[in-house]
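Read the structure below first, then the notes.
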Amino acid sequence: EPEVTQTPSHQVTQMGQEVILHCVPISNHLYFYWYRQILGQKVEFLVSFYNNEISEKSEIFDDQFSVERPDGSNFTLKIRSTKLEDSAMYFCASSEFRGEETQYFGPGTRLLVL
Amino acid sequence: SQKIEQNSEALNIQEGKTATLTCNYTNYSPAYLQWYRQDPGRGPVFLLLIRENEKEKRKERLKVTFDTTLKQSLFHITASQPADSATYLCALSGSARQLTFGSGTQLTVLP
Numbered sequence: 011e012p013e014v015t016q017t018p019s020h021q022v023t024q025m026g027q028e029v030i031l032h033c034v035p036i037s038n039h040l041y042f043y044w045y046r047q048i049l050g051q052k053v054e055f056l057v058s059f060y061n062n063e064i065s066e067k068s069e070i071f072d073d074q075f076s077v078e079r080p081d082g083s084n085f086t087l088k089i090r091s092t093k094l095e096d097s098a099m100y101f102c103a104s105s106e107f108r109g110e111e112t113q114y115f116g117p118g119t120r121l122l123v124l
Numbered sequence: 002s003q004k005i006e007q008n009s010e011a012l013n014i015q016e017g018k019t020a021t022l023t024c025n026y027t028n029y030s031p032a033y034l035q036w037y038r039q040d041p042g043r044g045p046v047f048l049l050l051i052r053e054n055e056k057e058k059r060k061e062r063l064k065v066t067f068d069t070t071l072k073q074s075l076f077h078i079t080a081s082q083p084a085d086s087a088t089y090l091c092a093l094s095g096s097a098r099q100l101t102f103g104s105g106t107q108l109t110v111l112p
């Protein structure tokens with residue numbers, strides 16, 4: 011069964027460093043998303059991406075964040091200058107564009123900012 | 002502001018019984034309501050989706066109801082098994098595709 015994959019599974023970085031999180035969505039899906047979950051808290055929406063541009067973003071997704079689809083398969087989330095409060099699980103998700111809202115999530119990347 | 006509440010943080014039931022989880026929302030008119038399962042350290046796994054014009058949806062031992070008047074969804078797992086132990090998340094979406102999640106209910110099925 012097709013699934014969303016994410017790399018790395020764990021990332022440790024120093025405050026102020028840039029990180030790039032990688033995702034490979036399900037191949038025939040057209041909508042892509044990033045969510046995050048701080049330990050013990052809710053899953054929170056960051057951004058959605060369709061047709062090579064951002065379609066929605068939350069207040070969390072400020073200028074420190076960016077997304078990119080560099081080729082036909084990868085979808086990346088970049089955090090330019092990490093802060094301690096960016097420590098969280100980051101989930102990528104994808105969905106088909108046929109009016110069906112089901113989103114399929116990857117296993118996540120655990121980011122720890124020291 | 003939009004608010005989603007799931008009935009309790011934790012629910013313990015005996016194996017074989019029916020687990021019923023509740024999701025209530027306010028200040029929201031969702032087009033879709035979805036239930037996901039999340040195991041520790043893992044991503045949410047999609048279980049069921051129900052649309053605003055649907056009252057009930059079933060899939061194997063799972064059943065979801067959606068009452069837009071009460072602003073409530075009930076999620077049932079019949080003949081529960083220890084393997085059903087997990088956190089169950091309610092998520093809503095409207096005209097925008099982003100999902101708004103509840104904080105989840107941690108279900109433990111005792112053998």
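Those protein sequence lines, which keep their order, are chains A and B.
For the first sequence, counting from 1, position 51 maps to 61 in this note's numbering; every step adds exactly one.
For the second sequence, counting from 1, position 90 maps to 91 in this note's numbering; every step adds exactly one.
For glycine and all other residues, C-beta sits at the position ideal for the given N, C-alpha and C.
Cβ neighbours of residue i in the same chain (closer than 6 Å, five flanking residues each side left out)
| i | result |
| --- | --- |
| Gln73 of chain B | Asn25 |
| Phe55 of chain A | Tyr45, Ser68 |
| Thr17 of chain A | His32 |
| Ala20 of chain B | Ile14, Ile78, Ser81, Leu108 |
| Phe42 of chain A | Pro35, Phe59, Phe85, Ser104 |
Distance CB(residue i)-CB(residue j) smaller than 9 Å
| i | j | result |
| --- | --- | --- |
| Leu12 of chain B | Thr109 of chain B | yes |
| Glu78 of chain A | Lys88 of chain A | yes |
| Glu55 of chain B | Lys64 of chain B | no |
| Glu111 of chain A | Arg98 of chain B | yes |
| Ile5 of chain B | Tyr33 of chain B | no |
Contacts around residue i, its chain only, beta-carbon distance under 7 Å, and the 5 residues preceding and following it disregarded
| i | result |
| --- | --- |
| Pro31 of chain B | Glu53, Leu93, Ser94, Gly95 |
| Asn62 of chain A | Arg79 |
| Ser65 of chain A | Ser58, Phe59 |
| Ala87 of chain B | Arg38, Gln39, Asp40, Leu108 |
Contact list for residue i against chain C, beta-carbon separation under 8 Å
| i | result |
| --- | --- |
| Thr69 of chain B | This model lacks chain C altogether, as its protein chains are A and B. |
Residue i (DSSP reduced to helix, strand or coil)
| i | result |
| --- | --- |
| Leu87 of chain A | strand |
| Glu28 of chain A | coil |
| Glu95 of chain A | helix |
| Asp85 of chain B | helix |
Chain-order list of residues whose beta-carbon lies under 8 Å from that of residue i (same chain, five-residue window excluded)
| i | result |
| --- | --- |
| Pro116 of chain B | Because chain B spans 2 through 112 in this model, residue 116 of chain B falls outside it and cannot be assessed. |
CA-to-CA distance, residue j to residue i, given in whole angstroms
| i | j | result |
| --- | --- | --- |
| Gln21 of chain A | Leu122 of chain A | 6 Å |
| Glu106 of chain A | Glu10 of chain B | 32 Å |
| Arg120 of chain A | Ala103 of chain A | 15 Å |
| Ile48 of chain A | Thr70 of chain B | 32 Å |
| Val46 of chain B | Leu40 of chain A | 19 Å |
| Phe115 of chain A | Met25 of chain A | 27 Å |
| Gln74 of chain A | Tyr100 of chain A | 15 Å |
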